[in-house]
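Engineer: For the sequence shown, our numbering assigns the number 9 to the initial residue and increments by one for each residue that follows. By construction, the Cβ of each residue, glycine as well, lies at the ideal position given by its N, Cα and C atoms.
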Amino acid sequence: MAFLEYSFILSLLLILVSFLTLKYRRHRNNTTSITNWPIVGTIPGVLVNIHRVHDLITGGLKRDGGTSMVKVPWFGHWNILITADPANINHILSKNFANYPKGDKFSKIFDFLGDGILNADGKLWEINRKVSLSVLKSAGFQSVLETITWNKVEKGLLPVLESVCEHGKEVDLQEILQRFYFDTICKLFMDKDFETLSLDFPSHPCLKAMTEVDEALFIRHFMPPCLWKLLKLLRLGKEKKLSDGRRICDEYIYECLAEKQNEYNKINSSQAQDGKFMVYTAFMRALEVHDIDTCCDRTKFIRDTAVNMVGAGKETTTSTLCWFLYMVAKNPSVQEKILEEIHTHLEVKVGEKWDAEELGKMVYLHAALCESLRLFPAVPFNHKCPLQPDILPSGHKVDQNTEIILSFYSMGRMKSVWGEDCKEFKPERWITKSGEIKHEPTFKFASFNSGPRACVGKNMALCQLKIVSTAIIYRYRIMLVEGHPVLPAASMVLQMKHGLKVRLTKRREFMN
């Protein structure tokens, strides 16, 4: 009986949404923001314009002075506040941090992440952060990171790009980089290279599954919880794909972790110490130090850690590098300045591998990466919900029924934050008169989040980004395929909807 009631309600809702959607389409080309309709709020606008939701939200925020409140009383007083105001972001992520945990609503939306660092609160989050930092900041991890990244560059990335050049092909650079980071992140955290980046581009279930999971989680942001939970119960649409994707990912992850656990048990039983740094072993020993068994099941903790590291690492780093190379290709002068800097600081290591210390000397490269992240943050939104009623610096009142979305994408496009030239790609804005990197407060430049929850993998990401980008730019000139649309996808991570189609030509010194 309850099922029939839910079905009836859903049918009425879909009919109403369809009607308003058709009406909305008549004037959507003349709008720069999403309309807040009676009863169903922004749902029709989001569904019709999901392909350009980021820019529509930005338009609405500009119209409303940086913060917009959408009230939908028919869905249990479900309200959404969207803000790109740095003062609000600083208040929520730092000054009043304790009042804005991830919370139960967030953990339910992102249930795929389990109790990992991106989803946890309280003591469990503290342990997650301590364990992750103890591993990621170790010298052994940095060495393994560079080794794995360079091995995949030499044995996977460059052979594929070489083949592309020889045959004069157009290529989707986003797909290549997705495969690159999937292989390297899995190798790094699970010691398993699935070798998806090779000349025959083999398919792998996890690659597709992760993309579908990401898209479904994004849609949940703009739907009342009662609606996406019903779709989940009925296994319909994106919710069905999310469920199937989770099952596929978990099968591979648990299989890999079981192998590593067996190896770890053998090491402990034999007390063998060969001096080789192993990421899984480092995490397990860090868990022992922090007595993780008192908080949760260790096996699940490791699974959740792997999902958070592999999922977040693969998607966010791929996104960042794609948008960076896109902007570099659109701005040939930037490409040439980076090449000049490569010759200046890395020429002594031609044909060899440059490390993080050498790459750290490249100020213009770092500035260009920051500028790309300002305009195209890998994670365009952050989701919050207050524990207690609060008044934001903008004067908006929020409570437990308010879903808060921090739009980092929109903040990078606000004249009030970045000046009249905010839409321009200008790496120079990040360089001081003395030639050093200009540091902006994280609540203004929140691409790696801000406050106590600032990204623990920032240095890891920057290291990989710099290794891969310099390896490509040093050898190839990147040219965009004319007429190919480059648009943000509707996903939690700012991927490109249609990929990044490019042509590559060898630089003179690499021609036979």
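(1) Residue range of the alpha helix (DSSP H) that THR410 falls in?
(2) Which two residues bound the contiguous alpha helix (DSSP H) that contains PHE332?
(3) Which same chain residues end up closer than 8 Å to MET487 when comparing Cβ atoms and leaving out the 5 residues on each side of it in sequence?
(4) Closer than 7 Å by C-beta to GLU13: which residues in its own chain qualify, once you throw out the five before and the five after it? Chain order, please.
(5) Under the assumption that ILE100 contacts LEU414 (Cβ atoms under 8 Å), give the Cβ distance between them as a whole number of angstroms.
(6) State yes or no: is the C-beta of LEU225 within less than 8 Å of the C-beta of PHE120?
(7) Between LYS113 and PRO233, how many whole angstroms is the CB-CB distance? I'm expecting something under 8 Å.
(8) When the Cα atoms are used, what is the spatial distance from PRO523 to PHE230?
(9) Since VAL510 sits in a beta bridge, which residues does DSSP pair it with?
(10) Per DSSP, what are the beta-bridge partners of VAL78 in this structure?
(11) Is DSSP giving ASN104 helix, strand or coil here?
(12) Would you grab the beta carbon distance between LEU165 and PHE188 for me? Rounded to a whole angstrom, and I think it's under 8 Å.
(13) With ILE1 and ILE481 assumed to form a contact (beta carbons below 8 Å), what rounded beta-carbon distance in angstroms separates them?
(14) Where does the unbroken beta strand (DSSP E) through HIS544 begin, and where does it stop?
(15) My assumption, with CB atoms under 8 Å, is that HIS374 sits in contact with ILE445. Please give the rounded CB distance.
(16) For TYR262 versus ASP199, is the C-beta spacing smaller than 8 Å?
(17) According to DSSP, what are the bridge partners of ASP398?
(18) Shortest alpha-carbon distance to LEU89 belongs to which of PHE453, THR410, MET419, ASN457?
(19) Looking at the strands, I want to know which residues DSSP matches up with MET504.
(20) Decide if HIS62 is buried, meaning its Cβ has at least 16 other Cβ atoms within 10 Å, or exposed.
(21) Comparing alpha-carbon positions, which option in ALA479, LEU329, SER142 lies nearest ALA469?
(22) In the DSSP output, what is ILE445 paired with across the bridge?
(23) Would you kindly work out how many angstroms separate the C-alpha atoms of GLN182 and GLY443, rounded to a whole number?
Structural biologist: Reading from the atomic positions:
(1) Per DSSP, THR410 belongs to no alpha helix (DSSP H); it is in the beta strand (DSSP E), 410-415.
(2) 306-338
(3) ALA337, VAL510, ARG511, LEU512, THR513
(4) Here GLU13 scores only 39 on pLDDT, less than 50, and its place in the model should not be relied on; the value that follows carries that caveat. Cβ neighbours of GLU13 beyond the five flanking positions: none.
(5) 7 Å
(6) yes
(7) 7 Å
(8) Past the edges of the chain, shown from 9 to 520, lies residue 523, and the structure says nothing about it.
(9) VAL179, LEU488
(10) ILE88
(11) coil
(12) 5 Å
(13) In the structure displayed, the chain extends from 9 to 520; residue 1 sits before or after that span and is not available.
(14) Only positions 9 to 520 of the chain appear in the structure, and residue 544 is not among them; the question remains open.
(15) 6 Å
(16) no
(17) VAL406
(18) THR410
(19) PRO496
(20) buried
(21) LEU329
(22) ILE439
(23) 32 Å
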